[in-house]
Amino acid sequence: MTGQPDDLDRMRAELEVQRNAKRIAAGAADRFRDVLADALGHDENPGDDTLIADLRAHFGKTGPEPTRWRDFLTGAEAIRDQINATHRQEET
């Protein structure tokens, strides 16, 4: 098929950009957690659940944490994993 090597090169370049973006975002998220932990009076990052509970308490929120965003993320990750599995099967 003509153009296939160009498509493959483009896809590899896009994958590299996505990997770099994910690495940068993960670093920024880690730094944000560290700054938030410090602002809430922790000596070190106690983990997301503790940070969220402390932040909610700081703003007077009571009751269980809303989980809609986590449910959405879990669903999106499941869809991504299905797509990746399908592509891996097609390659073999």
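Residue numbers (UniProt numbering): 1 to 92.
Every residue gets a Cβ at the ideal spot worked out from N, C-alpha and C, and that includes glycine.
Within a Cβ cutoff of 8 Å, which residues of the same chain sit near residue i, ignoring the five residues on either side of it in sequence?
i, result
"residue 55", "36 and 40"
For residue i, which of helix, strand or coil comes out of DSSP?
i, result
"residue 92", "coil"
"residue 75", "helix"
"residue 44", "coil"
Out of the options, point me to the one whose CA is closest to residue i's CA.
i, options, result
"residue 47", "58, 32, 61 and 59", "32"
Pairs of beta-carbons, one from the region 30-41 and one from the region 49-60, closer than 8 Å: are there three or more? yes
Alpha helix (DSSP H) segments (min. 4 residues) lying fully within the region 46-71: 48-58
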